[in-house]
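So the sequence shown is residues -20 to -1, 1 to 638, counted in mature numbering (1 follows the signal peptide of the UniProt record, and there is no 0).
By construction, the Cβ of each residue, glycine as well, lies at the ideal position given by its N, Cα and C atoms.
Read through the structure below, which is laid out as structure tokens, and then see the notes.
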Amino acid sequence: MALASRTAAWWAWLLSPRLSAPSRLCLPVWPSTASQRPYSSHGKEKLDMSTYPVESIRNFSIIAHVDHGKSTLADRLLEITGTIAKTDCNKQVLDKLQVERERGITVKAQSASLFYSHKEVNYLLNLIDTPGHVDFNYEVSRSLSACQGVILVVDANEGIQAQTVANFYLAFEAQLAIIPVINKIDLKNADPERVEKQIEKLFDIPIEECVRISAKLGTNVEKVLQKVIEKIPPPQCNTADPLKALVFDSTFDHYRGIIANIALFGGEIQKGHKIVSAHTKKRYEVNEVGILTPDEQPTHKLYAGQVGYVIAGMKEVTEAQIGDTLFWYKQPVEPLPGFKSAKPMVFAGMYPVDQTEYNNLKSAVERLTLNDSSVTVHRDSSLALGAGWRLGFLGLLHMEVFNQRLEQEYNMSVILTAPTVPYKAILSSPKLIKEYGKTEITIINPAQFPDKLSVSEYLEPTVLGTIVTPPEYIGKIIVLCQDRRAVQKDLLYIDEHRVMLKYLFPLNEIVVDFYDTLKSLSSGYASFDYEDAGYQAADLIKMDILLNGNPVEELSTIIHNEKAYATGKFLCERLKDAIPRQLFEIAIQAAIGKKIIARETLKAYRKNVVAKCYGGDITRRMKLLKRQAEGKKLMRKIGNVEVPRDAFIRVLKRQTDK
């Protein structure tokens, strides 16, 4: 009986969705003791963290461009410090989400505590592995707030890329210690000398400070740990001070409620302590504290300077605000500055496929936004798609990953509308100014676009884009940027193999397919990164799509006047293919105000009414055809054209893939 129950438990664990299929195959046999089972903190022996004073603590992040080896380096650091066993299966150990393993990218910043002995002193190293894609920049900036230093990883083959530059300046502005590491020196085409010169020229870091490693083979990785201890200062805090803890991340557990990741800037915390949230003013009793190794490991206490997690009976997703400060009950402290709220760059409508799933989807979105606080949520509704939300994302990849996580983690199928960017309008109409209570409004939905007569000026968002490319592709890239209405700001030769271009782009021009086009033009060698650059005046118009003279609200778009005709023609052609034919003719039109700029006609199904006429007078044939035409005309007047939901999504999807 015991053997049967244990076999059933083994299969349940093996088939659990926590890990993707490939990684499950490499897992060691489940140990017999419950305390050693993965993903369970119950029954584990609690660690005593008092043996690690503030002077022996180092908090650091790993930052780099996409695919430069951050997660592989994190795996080697975990192995060297004995945090995880050395096996051939240790690949992306900290990337726990299914979407991360499928795409091979880091989406969520993950932390782990490492124990390392150097010169007969035991050190506690708190490592945070961060994403490399520009869409997840918010995760990087949040992680840096809990650190005193960073490891800047650069690929020895590719050299400095756009996101390397962006991440360096994030760490530089935060006044963190920076350790440059050149990875992948084992590759055949690796050129670490060239990369060292690039680092010295761009970042003003001496060549002798660079560490050459191969994270894949483990070459020189121990030297990185020694540099972390020597170069990165310990946190400036004191255990004798009152408790001051920063919530820098949080996740939702169905059984234990909210698990908040915290960095202690003062005091200590243990089970039974009464704590208060500075944001909600609610009081909680601590149920469990611990560190991540990278699985949850309970401890007796957490002390100032340490990074760990706390479970305090928070049940609602609104209770664990990222950037919140926790303190002891009746011992209030000055709240920590928290985080600058993320600024959404792309908005899209999200609706349940079936309206009966609305409440389930609402719960799933709330729990997922707890774990990904950079997503903004506004209630929205549509005549065609029903009740839903207008969500703000940091980029298109961010939007795709959010959608994929909803499907994989919560089994929810949703409809996403075409992405738009937030425009602004300076109002001149007293009536509208009174209605909105201000002269400048932000437009995130084309349906809210005000008429040109009541607006003095339209503004569109801009970004400062950085492109790093080999010199042979400069010509093609400059043509692409000019086609996207970009203005060149700078051109710098990093060395004979790399050029850095800076352009001011309208956000709308790069949000959908710019990155893919850039990669194909440069054979995959160019990299792209952007940062917000405010708003600029633009000649914007709202384009409506009409079916037999009736506007379809979901297909309305805000575009620049120059691109109106091409976009209108393209949408009309796609709709002609997507809408099923009716018994009457359908006119598909793109209109700006009352002016039609493009048209396609969907022909009607037609019955052959003269089939029974074999010979005889022609007036008989004409009479039958005339009667049929009158019937079609009447049907067109009273018939409604509804865009089927799947056809509607097909049109938007093709527009995105263009």
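Alpha-carbon spacing of residue i relative to residue j, whole angstroms
i	j	result
P410	Y289	53 Å
I158	V532	53 Å
K606	L551	34 Å
D135	I457	23 Å
H540	S408	21 Å
Y331	E380	15 Å
residue 639	K575	What is shown of the chain runs -20 to 638, which leaves residue 639 out entirely.
A513	Y32	44 Å
G303	G62	32 Å
I424	R385	24 Å
Q608	R554	29 Å
L396	E534	11 Å
A489	N339	The sequence given here places Glu at residue 489; Ala does not occur at that position. So the alpha carbons of these two residues sit roughly 35 Å apart.
F95	S353	30 Å
V120	G49	16 Å
V133	V435	49 Å
L197	V46	20 Å
N117	N351	15 Å
I406	A544	22 Å
Y103	N39	11 Å
Y453	A240	47 Å
Exposure label - residue i; buried when at least 16 CB within 10 Å
i	result
residue 688	Outside the modelled stretch of the chain, which goes from -20 to 638, sits residue 688, for which no answer is possible.
A65	exposed
G368	buried
C127	buried
L472	exposed
K469	exposed
L433	exposed
V557	Note that residue 557 is Asp in the sequence shown here, rather than Val. That one is exposed.
C593	exposed
Y403	buried
R478	buried
V491	buried
T581	exposed
R359	exposed
P317	exposed
M392	buried
M602	exposed
P215	buried
I559	buried
Q301	buried
L282	buried
R174	buried
I43	buried
A195	buried
G529	exposed
Beta-carbon proximity of residue i to residue j, cut-off 8 Å
i	j	result
T356	G372	yes
T199	I165	yes
G246	K295	no
L167	N137	yes
G129	K211	yes
V326	P399	yes
I291	N267	yes
I572	I521	yes
I140	I185	no
S91	V269	no
T442	F485	yes
E415	Q516	no
I577	G548	yes
I249	A220	no
C461	Y483	yes
P111	I131	no
S123	S41	yes
I193	V201	yes
E299	S343	no
A584	R600	no
Uninterrupted beta strand (DSSP E) stretches inside the stretch 423 to 474 (no shorter than 3 residues): The DSSP assignment places 435 to 449 as complete runs of the beta strand (DSSP E) inside the stretch 423 to 474, in order along the chain (cut-off: 3 residues).
The stretch 258 to 267 contacting the stretch 346 to 361, beta-carbon criterion three pairs below 8 Å: No, the stretch 258 to 267 is not in contact with the stretch 346 to 361.
Touch test, the stretch 47 to 62 against the stretch 229 to 249, Cβ-Cβ under 8 Å, three pairs minimum: Taking 8 Å as the limit for Cβ pairs, the verdict is that the stretch 229 to 249 does not touch the stretch 47 to 62.
The stretch 307 to 314 touching the stretch 266 to 282, judged by at least three CB pairs closer than 8 Å: Taking a contact to require three or more Cβ pairs closer than 8 Å, the stretch 307 to 314 and the stretch 266 to 282 do not qualify as touching.
Cβ pair count under 8 Å reaching 3, the stretch 447 to 461 against the stretch 496 to 513: By the Cβ criterion, the stretch 447 to 461 is in contact with the stretch 496 to 513, since at least three pairs of Cβ atoms, one from each stretch, lie closer than 8 Å.
Segments assigned alpha helix (DSSP H), at least 4 residues, entirely inside the stretch 275 to 361: Fully enclosed alpha helix (DSSP H) runs of 4 or longer: 338 to 351.
Minimum length 4: unbroken alpha helix (DSSP H) runs contained in the stretch 481 to 518: With a minimum length of 4 residues, the continuous alpha helix (DSSP H) runs that stay inside the stretch 481 to 518 are 487 to 490, 494 to 501.
Contained beta strand (DSSP E) runs [length at least 3] in the stretch 112 to 140, N- to C-terminal order: The qualifying runs are 129 to 135.
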